[in-house]
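Chemist: Counting with mature numbering (1 follows the signal peptide of the UniProt record, and there is no 0), you get residues -16 to -1, 1 to 462 for the letters of the sequence shown.
The structure under discussion is supplied below as structure tokens; questions concerning it will follow.
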Amino acid sequence: MKHTLVASLAFAAALARELLPVKILAPSADHFRDIVSNDTYDFGCRPVARPTADGQMELHALLTRDQMAYLNHEYRSVDTISIRESLVKRATPAPIGAGDRFQAGTVAPVGLGTKPGGTTIASIMNVAEIKSAVGGLVAKYGVASYNLPYTTFNGATQYAAYVGAGADTSKYHLYLSAAVHARERGGPDNLVYWVADLLAANASGGGLTYGKKTYTNAQVRSVLAAGIVFFPLVNPDGVAYDQSSGALWRKNRSTRSGSSGSSVGVDINRNFDFLWNFKKYFASSVAPASASPSSETFYGTAAASEPETKNHVSVYDKFPKIRWFLDIHSAAGDMLYSWGDDDDQSTNTAMSFLSAAYDGKRGTVGDTAYKEYIPSADLTAIKQVAAATVAAMKAVGGRSYVSQQSVGLYPTSGASDDYAFSRYWAKGGAVNKVYGYTMEFGYSTNFYPTLAEFNQNILDTNAGFTDWALAAIAVGLE
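Pasting the structure below:
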């Protein structure tokens, strides 16, 4: 018997692929378990349940009309179900830039942190502009940029950049990436404009201001000295397709497992080598990823099968002393810390992702069969940095953010943040320990922000990045 729930559906103007924003209300998050276990539904970056003002829990999703009809039919015998459709027209999404405002890397990007309050940026960078913007930082500030070793399915050459700690790659401790999921618009902009702000403030001797949050030049210099590595466009094929189609496209564009429609592509954030083979490692009742090419969370053909994943991982080899990693996503309003496969615990060291004794038991949140071990000192450190990050984002003045463990309502496998944290144990302590985070800016399932939201997201995230870095420095870079 399904849990009793009350669902209310809020529809926007018709979206590509007929995906419509849905809000499902229930008395508790546990009531959503049957729904989120269906890997044909799209829950955005991950399923997120939020409390409402009237004491309910709210789950956001993107569903087709057929899927909504199915849910209505599935719960037709539950007296308390109520499905209400109301047409809500959202404002026009922020435009994608045309041409190249950075003129093939001869013009450096200028962020909002060094500009007067109320200044705005007119459009989201297109794929070519992201690379051109990085080129502008190279030309004006001496940022180092390099090509990553693998080309994407569509033949794109990927790149990363680093700045702040000189030529010695062992002096770099902070790693940030964006655009793993193609439709999460504004992620690369948030990251590139932040780096531009740091460099501009460093050059002028000034500080930074994001809404009501300010930073001194000494803080700017401290962040840069920690050594920043940034990979601003992890999924160029997917982003190019999403920007041209408006299809709310999440995955990359590989056709190795499917050649048409939703069967195209792999979810890069289920492709990392952390409990990737979820059917082996997790309880059969949970779905941390999907083996179906048509699913938004299709995990690929093998761990790190995708060139984008391989390139992401290669950064750790080039910069062996990275200690802190942040993957930039939308849209939920969260700062997430490890682990994502199950509840954290700091007492039983044997209860680990490396232990075959717990295969088939992971992922059921709230039970006692399995909880993922994390040393108490590590848990304290990552919580401290996450709390500082969301406090900064709240202080900007735009909206509230929440810090919480990644597992949330439902587990994930093969994610970038858990892979980052797991490497230390998976490789027997032979590599540096990396604390991994996922920042989800914006509002639930709002992947195409309006222009006002896009600019607010830049302010929120840039303050968050700065305090994340400062808090990480305070905890320790070595």
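Beta carbons are placed, not taken as given, at the ideal position from N, Cα and C, and that holds for glycine.
On a predicted model such as this, the values are computed, not experimentally measured, just so you know.
Helix, strand or coil: how does DSSP classify ARG346 here?
Modeler: Looking at ARG346 - three-state DSSP - the assignment turns out to be strand.
Chemist: Give me whichever residues DSSP pairs with HIS44 in a beta bridge.
Modeler: LYS7.
Chemist: In angstroms, rounded to a whole number, what distance separates the CA positions of residue 463 and PRO220?
Modeler: With the chain covering only -16 through 462, there is no way to say anything about residue 463.
Chemist: What are the start and end residues of the alpha helix (DSSP H) that includes GLY119?
Modeler: Start and end: 111 to 125.
Chemist: On the DSSP bridge list, what partners appear for TRP308?
Modeler: Partner(s): LEU158, TYR419.
Chemist: CA-CA distance, LYS155 and PHE214?
Modeler: Rounded to the nearest angstrom, the two C-alpha atoms are 14 angstroms apart.
Chemist: What is the rounded straight-line gap between the Cα of LYS294 and the Cα of GLY39?
Modeler: Straight-line Cα distance between these residues: approximately 44 angstroms.
Chemist: Have a look at TYR159 and ALA37 and give me their C-alpha separation to the nearest angstrom.
Modeler: Distance between the alpha carbons of TYR159 and ALA37: 37 angstroms.
Chemist: Between the beta-carbon of SER129 and the beta-carbon of ARG254, is there less than 8 angstroms?
Modeler: Cβ distance not < 8 angstroms, so SER129 and ARG254 don't count as in contact.
Chemist: Counting beta carbon pairs with one atom in the stretch 165 to 172 and one in the stretch 261 to 273, are three or more of them shorter than 8 angstroms?
Modeler: These segments do not touch.
Chemist: Find the nearest neighbour of LYS305 within the set ALA404, ALA88, VAL127, judged by alpha-carbon distance.
Modeler: Among ALA404, ALA88, VAL127, the Cα nearest to that of LYS305 is on ALA404.
Chemist: Tell me whether HIS15 is buried or exposed, calling it buried when 16 or more other Cβ atoms sit within 10 Å of its Cβ.
Modeler: Under this definition HIS15 is a buried residue.
Chemist: Is it buried or exposed for LEU(-12), if we count other Cβ within 10 angstroms and need 16 for buried?
Modeler: Only weak support exists for where LEU(-12) lies, its pLDDT of 39 falling under 50; the value from the coordinates is given anyway. With 16 or more Cβ atoms within 10 Å of its Cβ, LEU(-12) is classed as buried.
Chemist: Would you check if there are 3 or more beta carbon pairs closer than 8 angstroms linking the stretch 87 to 94 to the stretch 111 to 125?
Modeler: These segments touch.
Chemist: Who does ASN131 pair with in a DSSP beta bridge?
Modeler: Paired residues: TYR143.
Chemist: For ASP301, which beta-bridge partners are listed by DSSP?
Modeler: According to DSSP, which records beta bridges pairwise, ASP301 is partnered with nothing at all.
Chemist: Just to confirm, is the Cβ distance from ASP311 to SER400 under 8 angstroms?
Modeler: For ASP311 and SER400, yes; Cβs fall inside 8 angstroms.
Chemist: Beta-carbon separation of GLY420 and GLU437 under 8 angstroms?
Modeler: Not a contact, by the Cβ cut-off of 8 angstroms.
Chemist: Taking C-alpha atoms, which residue in LEU4, TYR354, GLY148 lies nearest to ALA184?
Modeler: Of the candidates LEU4, TYR354, GLY148, the one whose C-alpha sits nearest the C-alpha of ALA184 is GLY148.
Chemist: I need the straight-line Cα distance from LEU451 to ALA371, nearest angstrom please.
Modeler: According to the sequence provided, residue 451 is Asp. The question's Leu does not apply to it. The alpha-carbon atoms of ASP451 and ALA371 are separated by roughly 10 angstroms.
Chemist: To the nearest whole angstrom, what separates the beta carbons of TYR432 and PRO31, a pair I think is in contact under 8 angstroms?
Modeler: Not confirmed; about 20 angstroms, so no contact.
Chemist: Would you list the one or two residues that DSSP bridges to TYR321?
Modeler: DSSP, once it has assigned bridges, lists GLN389, TYR421 as partnering TYR321.
Chemist: Quick check: what's the CA-CA separation for GLY195 versus ALA455?
Modeler: Going by the C-alpha atoms only, they are around 20 angstroms apart.
Chemist: Whole angstroms are fine: how far does the CA of PHE258 sit from the CA of LEU(-8)?
Modeler: Only weak support is given to the placement of LEU(-8): the predicted model assigns it a pLDDT of 34, under 50, and the value that follows is read from those uncertain coordinates. Computed Cα separation, rounded: 35 angstroms.
Chemist: Please report the straight-line C-alpha distance between ALA286 and ASP326, rounded to a whole angstrom.
Modeler: Spanning the two alpha carbons is a distance of roughly 22 angstroms.
Chemist: Give, in chain order, every unbroken run of the alpha helix (DSSP H) that is at least 4 residues long and sits entirely within the stretch 203 to 288.
Modeler: With a minimum length of 4 residues, the continuous alpha helix (DSSP H) runs that stay inside the stretch 203 to 288 are 220 to 229, 262 to 265.
Chemist: Just to confirm, is the Cβ distance from LEU43 to TYR25 under 8 angstroms?
Modeler: Contact: no.
Chemist: Roughly how many angstroms separate the alpha carbons of ALA271 and ALA379, rounded to a whole number?
Modeler: Their Cα atoms are separated by approximately 36 angstroms.
Chemist: Three or more C-beta pairs closer than 8 angstroms, one from the stretch 190 to 209 and one from the stretch 220 to 240: is that the case here?
Modeler: The stretch 190 to 209, when compared against the stretch 220 to 240, does not touch it at the 8 angstroms Cβ threshold.
Chemist: Run through the DSSP bridge pairs and tell me what GLN329 is partnered with.
Modeler: DSSP, once it has assigned bridges, lists TYR357 as partnering GLN329.
Chemist: The alpha helix (DSSP H) spanning PRO172 covers which residue range?
Modeler: Looking at the DSSP string, the run of the alpha helix (DSSP H) that includes PRO172 is 171 to 188.
Chemist: Alpha carbon to alpha carbon, how far is GLY324 from ARG85? Give it in angstroms, no decimals.
Modeler: Their Cα atoms are separated by approximately 39 angstroms.
Chemist: Over what stretch of residues does the alpha helix (DSSP H) that includes LEU55 continue unbroken?
Modeler: Here the alpha helix (DSSP H) through LEU55 covers 49 to 58.
Chemist: Mind checking ALA82: buried by the 16 CB within 10 Å criterion, or exposed?
Modeler: Burial call: exposed.
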